[in-house]
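The opening residue of the sequence shown carries number 1 in the working numbering; numbering runs sequentially from there.
The C-beta atom is built at its ideal place from N, Cα and C for all residues, glycine as well.
Since we're looking at a predicted model, the values are computed, not measured.
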Amino acid sequence: TIYMNTSVEDDPFPIELDNDANSLAYYGVCDGATIYMNEIDLKGQQQQQEQLQKQQQLQMAKQEQEIESLQQYQRNNNIQTQQATLISSLQVQQEQAEEEK
1 TIYMNTSVED DPFPIELDND ANSLAYYGVC DGATIYMNEI DLKGQQQQQE
51 QLQKQQQLQM AKQEQEIESL QQYQRNNNIQ TQQATLISSL QVQQEQAEEE
101 K
């Protein structure tokens, strides 16, 4: 990003020169103006992007483990519920068989 600051003291804020296709004259750059340029660290950006992707992959793996754990809990809970239902049903059948005797 490129910014220009004029030598006028009443204008404390720099003006962004946001279009590379325009000449400096288009923006009114004259003698005494100061031009600031922010450089982009491409390697730094790439490293940040790679680190972000690694963090996202770790987070996804953790979430997948949590999902698997919850699904296993639900399966176990369903089995326990089915077992309790069968036991209850068998107890009812035994009570009915004893009453018939």
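- In the DSSP assignment, Y27 falls outside any alpha helix (DSSP H), carrying neither H nor E.
- Assignment of E16 by DSSP, reduced to helix, strand and coil, places it in the strand class.
- Just so you know, the alpha carbons of Q59 and Q51 end up roughly 12 Å apart.
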